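Heads up: the structure comes next, in structure tokens.
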Amino acid sequence: MSSDVTHPPITPAQRRRLLKIMRDFHVRAFGEELARINFLPEKQRKQAVAEMIDHARRKGVKLTRPALGVTP
Amino acid sequence: MQGSNWADGNPLAFPLSASDSHFVIPYAELEEFFSLLVSTAQARGIPCAITSGMACVHFGVAATTKDCDVLCNAAKSDEFRELIARTPLRGLFPNYRGNISPPLDSRWIRGGWTSHFTWKTKPEEACLDIFGIAPRGSSSWDRELRGIYARPDVVAEMKRTNREKDWPFATALGGQMLDEGDLKGWLHLYDGDVLRLCAKQTPPPEFLSALRPLLRLFPFSDTLLLKRLLLAERAFWSELDELRVKIYQKPLRSYTAAVRRASAGGRTLDQSHEIRIECALTHLPFQPLRDYGLDRMVAEARANVGVTVGPDVLEWLPAAANHFHGL
Chain R
0 MSSDVTHPPI TPAQRRRLLK IMRDFHVRAF GEELARINFL PEKQRKQAVA
50 EMIDHARRKG VKLTRPALGV TP
Chain H
0 MQGSNWADGN PLAFPLSASD SHFVIPYAEL EEFFSLLVST AQARGIPCAI
50 TSGMACVHFG VAATTKDCDV LCNAAKSDEF RELIARTPLR GLFPNYRGNI
100 SPPLDSRWIR GGWTSHFTWK TKPEEACLDI FGIAPRGSSS WDRELRGIYA
150 RPDVVAEMKR TNREKDWPFA TALGGQMLDE GDLKGWLHLY DGDVLRLCAK
200 QTPPPEFLSA LRPLLRLFPF SDTLLLKRLL LAERAFWSEL DELRVKIYQK
250 PLRSYTAAVR RASAGGRTLD QSHEIRIECA LTHLPFQPLR DYGLDRMVAE
300 ARANVGVTVG PDVLEWLPAA ANHFHGL
């Protein structure tokens with residue numbers, strides 16, 4: 000482990016590899032379609048999520064959580 | 000804000016037909032509505048920020064929620080409630096959601112209670128949850144806001160719940176923090192493969208292991224031990240969350256019954272608020288977690304993990320005493 004509190008910045012190559020690791024994780028954890036959406040630019044990502052949610056709601060999926068008086 | 004049609008120019012869109020648009024308020028409109036509410040509040044000097052699902056979407060982790068969760072500075076509860084009360088959605092004014100919702104009042108919000116609001120749009124309500132304390136928060140949530148959103152580390156800490164589905168969100172947010180050069184992202188990675196592979200690129204800084212002893216396993220080559228300790232960490236946060244929710248739920252039973260008895264007939268939000276204050280003064284303690292004892296909660300969660308996972312993992316559990324920031 001690095002003992003340096005002001006850790007050296009990651010190099011562009013390291014960053015590319017970190018991105019690949021996280022992309023693979025997103026596919027594993029959320030599935031290919033959500034992973035694809037998650038790595039879209041912000042505007043397209045929000046648009047794709049909106050379409051997905053509206054489609055589910057039109058199909059009768061209830062997305063509202065119960066009120067509990069406390070946040071889980 | 001009404002009637003936006005996402006089909007315009009978008010080949011992926013599921014077009015909203017004229018008849019559909021009468022049935023559901025498009026998510027984009029809800030998001031715009033809540034974003035405007037929060038930005039208006041901020042412009043009026045009310046520190047607040049969107050967190051949870053909508054913040055996850057903003058940070059690149061798609062969540063299928065249409066409700067909005069907002070952190071609000073407890074001292075500004077009255078001002079925020081007044082803003083909410085005077086903000087219509089499609090011509091409808093909001094009210095508290097159900098009889099269970101505690102009042103949005105600094106005395107209770109400071110103690111970690113959540114207030115629920117609803118705009119009774121048809122066929123689905125538009126729901127807003129407000130809280131002043133970020134559950135499991137280890138720092139001030141209102142520091143370095145990302146515009147109208149809370150920071151990714153605040154959102155990630157809130158995802159350490161007793162719900163299985165929340166944990167990949169924490170890891171995804173941690174990965175994003177690392178990508179942005181924020182090494183505290185190491186505190187939020189709960190996937191063995193991600194930890195091992197990221198460690199090959201850049202080691203976790205030593206100072207973080209005081210907060211998360213599991214990082215001492217670097218370079219995470221003992222995969223079975225890593226899996227076991229990740230299991231123990233998640234079990235610990237899950238136990239702590241379960242205990243926390245139970246502590247809040249206990250007084251809510253008598254409070255909800257009292258609000259139900261007092262709330263017959265139609266009420267405005269202001270009228271409903273007065274009723275809830277009266278009932279809360281009798282039934283809801285201001286600081287239920289502090290009354291129970293924060294150290295006691297942590298000790299009980301640790302003891303439970305000692306039984307479910309094993310006593311040998313206890314030395315590897317994170318320090319949780321600093322995760323009650325603001326209480």
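Those protein sequence lines, which keep their order, are chains R and H.
Quick note: numbering that gives the first Met the number 0 has the first sequence finishing at residue 71, numbered continuously throughout.
Quick note: numbering that gives the first Met the number 0 has the second sequence finishing at residue 326, numbered continuously throughout.
Where is the CB? At the ideal position from N, CA and C, for every residue including glycine.
Just so it is clear, the structure is predicted and the values come from calculations on it, not from any experiment.
How about residue i and residue j: do their beta carbons lie closer than 8 Å?
i      : j      : result
H/R109 : H/A73  : yes
H/R89  : H/I24  : yes
H/S34  : H/I129 : no
H/G136 : H/E123 : no
H/A54  : H/L82  : no
H/V304 : H/L316 : yes
H/V154 : H/S51  : yes
H/Q175 : H/P203 : no
H/W263 : H/H282 : One detail in the question is off: residue 263 of chain H reads as Ala in this sequence, not Trp. Their beta carbons are not under 8 Å apart, which means H/A263 does not touch H/H282 by this criterion.
H/D66  : R/R64  : yes
H/R215 : H/P101 : no
H/C197 : R/I36  : no
H/A300 : H/L242 : yes
H/I246 : H/L288 : yes
H/I132 : H/L326 : yes
Classify residue i: buried if its beta carbon has 16 or more other beta carbons within 10 angstroms, exposed otherwise.
i      : result
H/T113 : buried
R/V69  : buried
H/H220 : A quick correction: the sequence has Ser, not His, at residue 220 of chain H. Per the 10 Å Cβ criterion, exposed.
H/D290 : exposed
H/L374 : Given that chain H is displayed from residue 0 to residue 326, the structure contains no residue 374 of chain H and the question cannot be resolved.
R/R15  : exposed
H/Y26  : buried
H/L337 : Beyond the ends of chain H as shown, which are 0 and 326, falls residue 337 of chain H; an answer cannot be given.
H/F116 : buried
H/A6   : Note on H/A6: pLDDT 32, under 50, position unreliable in the model; no value is reported.
R/T10  : exposed
H/K183 : buried
H/D165 : buried
H/G111 : buried
H/A125 : buried
H/G173 : buried
H/E163 : exposed
Determine the chain R residues that contact residue i at a beta-carbon separation under 8 Å, and present them in chain order.
i      : result
H/Q248 : L67, G68, V69
H/C47  : Correct list: empty, because the minimum Cβ distance to chain R is about 15 Å.
H/Q200 : I9, Q13, R16, L17, I20
H/I99  : A66, L67, G68
H/P61  : Correcting the residue type first, residue 61 of chain H is Ala in the shown sequence and not Pro. The answer, in chain order, is F29, L33, I36, N37, R44, A47, V48, M51.
Could you tell me which chain R residues have their CB closer than 7 Å to the CB of residue i, listed as they occur along the chain?
i      : result
H/H222 : The sequence given here places Thr at residue 222 of chain H; His does not occur at that position. Within 7 Å Cβ-Cβ: nothing; H/T222 doesn't reach chain R, min ~16 Å.
H/F32  : The premise fails here: H/F32 is roughly 13 Å from chain R at the closest Cβ pair, so nothing lies under 7 Å.
H/C67  : Correct list: empty, because the minimum Cβ distance to chain R is about 11 Å.
H/H115 : A66
H/G180 : P8, I9
H/L239 : Under the 7 Å cutoff, chain R gives no residues; its nearest Cβ is about 12 Å from H/L239.
H/E124 : T63
H/C278 : Going along chain R, no residue has its Cβ under 7 Å from H/C278, so there is no contact; the nearest lies around 12 Å.
H/L196 : I20
In this structure, what does DSSP give as the bridge partners for residue i?
i      : result
H/H115 : H/D128
H/N94  : H/T117
H/D68  : H/T50, H/D128
H/Y148 : H/I49, H/R145
H/L88  : H/L91
Just to make sure I have the definition right: I need the residues of chain H whose C-beta is within less than 7 Å of the C-beta of residue i. Which are they?
i     : result
R/V26 : Those do not exist, as R/V26 stays about 11 Å from chain H at its closest Cβ, beyond 7 Å.
List, in chain order, every chain H residue whose beta-carbon is nearer than 8 Å to that of residue i.
i     : result
R/K45 : A27, E30, V56, H57
Run down chain R in chain order and give the residues with a C-beta less than 9 Å from the C-beta of residue i.
i      : result
H/A263 : Those within 9 Å of H/A263 in chain R number zero; the least Cβ separation is about 20 Å.
H/G136 : The contacting residues do not exist; H/G136 stays about 11 Å from chain R at best.
Return no unless some Cβ of chain A is closer than 8 Å to the Cβ of residue i.
i      : result
H/P167 : Absent from the structure is chain A; the protein chains it does hold are R and H.
Requested in this report: Decide if the region 228 to 242 of chain H is in contact with the region 47 to 55 of chain R; the criterion is three or more beta carbon pairs, one per stretch, under 8 Å apart.
Outcome: Taking a contact to require three or more Cβ pairs closer than 8 Å, the region 228 to 242 of chain H and the region 47 to 55 of chain R do not qualify as touching.
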